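Presented below is the structure to which this report refers.
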Amino acid sequence: MDIGQGLTSAWQAIAGFVPLLLGFLVILVVGWIIAWLVGKGVAKGLHGVGLDRALHRGGVGEYFERSRWTASELCGKIIYYVALLFVLTLAFNVFGPNPISTLLNDVIAWIPRGIVALVIVVVAGMIAKAVRDLITGALGGLSYGRFLANVAAVAVMALGIIAALNQIGVATTVTLPVLVAVLATVGGILVVGVGGGLIGPMQSRWAHWLDVAERETARLGGGESSYQAGHEAAMSRPGARATEGGAAREEASSLPGQRGRGEGPSS
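This note's numbering numbers the first residue of the sequence shown as 20 and each following residue consecutively.
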């Protein structure tokens with residue numbers, strides 16, 4: 020065993036690795052600073068152009084009220100992490116082809132699909148807010164109006180989330196089992212509950228709900244009933260009755276049969 024040759028090979032390996040390591044560290048540090056500055060600049064720029072105010076007016080801003088970041092700050096964070104991925108890719112490419120670089124390249128190739136999915140979720144949230152406001156305004160007088168508005172908003176948001184999951188390639192593996200579970204649950208409730216021992220309770224509950232809906236609908240149509248009540252109150256006055264009676268007698272006297280009957284006794 021040649022110890023000198025082994026030491027020489029180890030020294031050559033170290034001497035060849037140290038420049039690569041230094042280049043990796045320099046790229047990583049400088050790239051991290053640039054990515055941080057770019058993320059901060061994007062967040063301030065989007066806040067300056069009024070992104071937060073626009074999303075708040077569109078109805079999506081309320082989802083960020085419970086978050087630690089605003090919409091502009093979240094966009095800045097996304098840009099920061101995307102830039103950091105590019106920095107890591109450049110840094111690891113210093114060592115040549117390696118599994119980490121391959122993984123980072125796959126993640127970077129997936130980023131555009133993730134951005135499109137995020138846009139779909141934001142647009143779906145805005146549409147869901149608009150639908151909820153429209154239904155609440157149209158059925159606000161009903162006791163179940165807000166419930167219907169929330170159900171419609173959740174349905175629109177669910178469709179947007181499914182489309183976003185489909186965009187990132189996980190809709191088939193996630194939404195299909197969930198859909199099957201929901202349909203199986205609904206089918207089991209219908210078979211066991213409605214078709215079994217819950218028929219009586221369900222009938223009473225449906226009767227109660229229909230009665231409530233009928234009362235609420237009748238209350239919405241209170242304009243016509245108010246007109247009828249006002250008309251009856253006006254006709255119940257003595258002067259209105261005399262006027263109505265005179266008009267009726269005049270109309271009756273104008274008829275040929277009534278005129279003949281009135282002229283018979285006088286002759």
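No residue lacks a Cβ here, since even glycine has one placed at the ideal position from N, Cα and C. This structure is a prediction, so every number in the text was calculated from the model and none was measured.
Suppose you measure from the CA of residue i to the CA of residue j; what does that come to, to the nearest Å?
i    : j    : result
A168 : R151 : 5 Å
V57  : N112 : 22 Å
L122 : A203 : 39 Å
A172 : K148 : 7 Å
T262 : I154 : With a pLDDT of 48 at T262, under the threshold of 50, the predicted position of this residue should be treated as unreliable, though the coordinate-derived value follows. One C-alpha to the other measures close to 47 Å.
I146 : A183 : 15 Å
S91  : L178 : 25 Å
I130 : Y163 : 42 Å
A73  : K96  : 19 Å
T170 : G60  : One detail in the question is off: residue 170 reads as Val in this sequence, not Thr. Those two C-alpha atoms are separated by around 39 Å.
Y100 : G69  : 23 Å
V142 : V175 : 10 Å
A226 : P220 : 10 Å
S120 : T108 : 6 Å
I98  : V201 : 37 Å
G64  : A128 : 26 Å
T27  : G50  : 35 Å
D71  : N117 : 41 Å
R87  : H75  : 16 Å
N185 : R132 : 10 Å
A259 : L229 : A caution first: A259 carries a pLDDT of 46, below 50, which makes its placement in the model unreliable, though a value can still be read off. Rounded to whole angstroms, A259 to L229 spans 40 Å at the Cα level.
A157 : V189 : 37 Å
I52  : W30  : 33 Å
F2   : G207 : What the structure shows of the chain is the stretch from 20 to 286, and residue 2 is not part of that stretch, so it cannot be assessed.
N199 : R224 : First, the residue type needs correcting, since residue 199 is Val and not Asn in the sequence shown. So the two alpha carbons sit approximately 28 Å from each other.
V45  : A62  : 26 Å
Among the options, whose alpha-carbon lies nearest the alpha-carbon of residue i?
i    : options                  : result
M166 : A232, G64 and G115       : Correcting the residue type first, residue 166 is Phe in the shown sequence and not Met. Residue A232 is the option with its Cα nearest to F166.
A102 : H75, V48 and G42         : V48
I180 : I33, P196 and L137       : L137
C94  : G207, V106, I134 and L39 : I134
G67  : T108, V37, D230 and T89  : T89
W55  : V106, Q222 and V199      : V106
G115 : L39, Q222, G207 and I187 : L39
L41  : A62, A110 and L104       : A110
L104 : F36, D125 and I187       : D125
Quick one: give me the first and last residue of the alpha helix (DSSP H) that residue i is part of.
i    : result
G179 : G164 to Q186
Should residue i be labelled buried (16 or more other beta-carbon atoms within 10 Å of its own) or exposed?
i    : result
V210 : exposed
G144 : buried
P196 : exposed
V236 : Looking at the sequence itself, residue 236 is Thr, so the reference to Val does not match. Answer is exposed; the Cβ neighbour count stays below 16.
I139 : buried
A34  : exposed
Q222 : exposed
A32  : exposed
8 Å is my cut-off, CB to CB: does residue i come that close to chain D?
i    : result
M145 : The question asks about chain D, but that chain is absent: this structure has only one protein chain.
Ordered list of alpha helix (DSSP H) runs contained in the region 87 to 120, each at least 4 residues
90 to 111
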